[in-house]
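Q: Can you read through this structure? Questions will come right after.
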Ligand SMILES: Nc1ncnc2c1ncn2[C@@H]1O[C@H](COP(=O)(O)OP(=O)(O)O)[C@@H](O)[C@H]1O
Ligand SMILES: [Mg+2]
């Protein structure tokens, strides 16, 4: 792959928070993402929607560096994430570079993935103490503040096995926020939840959008929610962005045939 | 029977003490070896992986008795001589550790992928991820098979009598040789091994399983 066409850094000033530049991802011969170009601005909330298998989760996992990419470069705040500058050229990032860079990214998963051997509070203190090197007292104060924000302070000493799915997901959001990320990724965080508790998780995300200047990328099947809170909707189809627009425009006046089909299909399912 | 116990009880008791000491020390060796080799098998670094594989293959693929004789009789020819007591628990421990290594590896791999990913997303270093997130959960998974292995280990210690470590089996053989009361001598040994396994090791492992389950907030 020729990396010389990619800048070592994006010009300061108005560079986006996240830039996917010609990013390709494949598993063997299966091309999952094909030459993806996507910018996300500082503080922007972008919702990713699309049929199952269209590559939505993969976009998030590449950004979290859980997956390596096969082509292109991802930049975070103007600096290469998947690569690093060495001797005036970009080379694939090493483990240390990835760990440093991904510290500014937090992720919430469909199945929460809380640590079962720790209480809610300990879950939220683990990263700050072990990774950021905060004192126990500082980490506890930060964790309690966040648990209060997600409405889970009363349950802070419970283990995940004692919490409902909605409660676990709220703790997982607090755990990710405790690392003070600048970018938050949500991968279908309400898909594994019973319908009656979905609201308590979406409320938390609404609050984040309203009160924080986080940059957020959210994969969701909840069209109404996405329409309410997003600055932009990205519709993925077979590993490509088929259409993207501001929510009003996207939902009231979709341009592409495939988008219209997809929106009709989800409406019928409701 | 009663007069037999009165005469030989104290010696059998001493033998049982030696057996218990062999058991405890061999168990420590087995735990350390199993952890090192189990982690080694999962290492990204091929020489470490190779070393762990060679250890596991050798100690699982050959008989414990032969290993014991090697460590006690052959190693001295290479300038490493160990007293019989140390040679005894070391052989048994290393042998059982090789089986334990596969349990450790299996348990680590059985920790859900989401746990690896969540700790990765928190930027935890691989060492911290293993120590703080993966191993505590793997430990809970490995305890039940590990309990069986500990019983095997106890039985395995009987072989150290063959290099004259004065354990329970050794004492029983001595008494048998001196009195020809085989039924009583080996009967008593049988009973003591059973009691150690059934009333000490098994309940201790069960207890440990309960404590670990509680730590996961499950109990
Ligand atoms: N580890 C993997 N190995 C092989 N194929 C994978 C792997 N992960 C995802 N895929 C494939 O990549 C495609 C996109 O997956 P994904 O990003 O999870 O889709 P979405 O989240 O939109 O449903 C799917 O066809 C899926 O089968
Ligand atoms: Mg998905």
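Residue numbers (this note's numbering), protein chains in the order written: chain S, 83 to 352; chain A, 93 to 311. The C-beta atom is built at its ideal place from N, Cα and C for all residues, glycine as well. Quick caveat: nothing in here was measured; it's all calculated off a predicted structure.
Looking at the structure shown, is residue 346/S part of a helix, part of a strand, or coil, going by DSSP?
A: Here residue 346/S sits in helix by DSSP.
Q: Among 98/A, 273/A, 239/A, which has the Cα closest to the Cα of residue 188/A?
A: Cα-wise, what sits closest to residue 188/A is 239/A.
Q: Kindly list, in the order they appear in chain S, the residues whose Cβ is closer than 9 Å to that of residue 209/A.
A: 143, 146, 148, 189, 191, 195
Q: Label residue 311/A either buried or exposed according to how many other C-beta atoms from any shown protein chain fall within 10 Å of its C-beta, with 16 as the threshold for buried.
A: With a pLDDT of 47 at residue 311/A, under the threshold of 50, the predicted position of this residue should be treated as unreliable, though the coordinate-derived value follows. Exposed, since its Cβ has fewer than 16 Cβ neighbours within 10 Å.
Q: Taking its Cβ as the centre, do 16 or more other Cβ atoms sit within 10 Å of residue 173/S, making it buried, or is it exposed?
A: exposed
Q: For chain A, find out if any of its Cβ atoms is closer than 8 Å to the Cβ of residue 99/S; answer yes or no.
A: no
Q: Give the residues of chain S in contact with residue 129/A, contact being defined as C-beta atoms less than 9 Å apart.
A: Ordered by position in chain S, no residue passes the 9 Å Cβ test against residue 129/A, which lies about 24 Å from the chain.
Q: Strictly closer than 5 Å from CB to any heavy atom of ligand 1: give me those residues in the order they appear in the chain.
A: 109/S, 114/S, 134/S, 135/S, 136/S, 137/S, 138/S, 139/S, 140/S
Q: Report the neighbours of residue 213/S on chain A: residues whose CB is nearer than 9 Å to its CB, in chain order.
A: 214, 215, 216, 217, 220
Q: DSSP state of residue 155/A, grouped into three classes?
A: coil
Q: Under 8 Å Cβ to Cβ from residue 162/S, same chain only, skipping five residues before and after it: list those, please.
A: If we look at residue 162/S and ignore the five residues flanking it on each side, its Cβ neighbours are 88, 90, 91, 155, 156, 172, 175.
Q: Are the beta-carbon atoms belonging to residue 255/S and residue 286/S less than 8 Å from one another?
A: Cβ atoms of residue 255/S and residue 286/S: closer than 8 Å.
Q: Under a CB-based cut-off of 8 Å, is residue 236/A close to chain S?
A: Residue 236/A has a beta carbon lying at 8 Å or more from every beta carbon in chain S.
Q: Counting pairs of Cβ atoms below 8 Å between the stretch 137 to 154 of chain S and the stretch 252 to 271 of chain S, do you hit three or more?
A: Yes: at least three Cβ pairs fall under 8 Å.
Q: Alpha carbons only, please: which of 348/S, 327/S, 339/S, 343/S is nearest the one belonging to residue 122/S?
A: 327/S
Q: Assuming residue 119/S and residue 153/S are in contact, meaning their beta carbons sit under 8 Å apart, how far apart are those beta carbons, in whole angstroms?
A: The Cβ separation is near 12 Å, so there is no contact.
Q: Pick out whichever of 198/S, 231/S, 232/S, 206/S has its Cα sitting closest to the Cα of residue 220/S.
A: 206/S
Q: Output, in chain order, the set of chain S residues within a Cβ distance shorter than 9 Å of residue 233/A.
A: Near residue 233/A there are no residues of chain S at all, since even the closest Cβ is about 12 Å away, more than 9 Å.
Q: Enumerated in chain order, which unbroken segments of the alpha helix (DSSP H) with a length of 4 residues or greater are wholly contained in the stretch 301 to 344 of chain S?
A: 305 to 311, 329 to 334
Q: Roughly how far, in whole angstroms, is the beta-carbon of residue 51/S from the beta-carbon of residue 239/S, given that I think they are within contact range, below 8 Å?
A: Lying outside 83 to 352, the shown extent of chain S, residue 51/S is not represented and no answer is given.
Q: Could you name the residues of the same chain whose beta carbon sits closer than 6 Å to that of residue 192/S, not counting the 5 residues immediately before and after it, in chain order?
A: 269, 270, 273, 274
Q: Based on Cα-Cα distance, which residue from 320/S, 130/S, 107/S lies nearest to residue 312/S?
A: 130/S
Q: Report whether the distance from the Cβ of residue 301/S to the nearest heavy atom of ligand 2 is below 7 Å.
A: yes
Q: With respect to 7 Å, is the separation between the Cβ of residue 270/S and the closest non-hydrogen atom of ligand 2 below this value?
A: Yes, Cβ of residue 270/S sits closer than 7 Å to a heavy atom of ligand 2.
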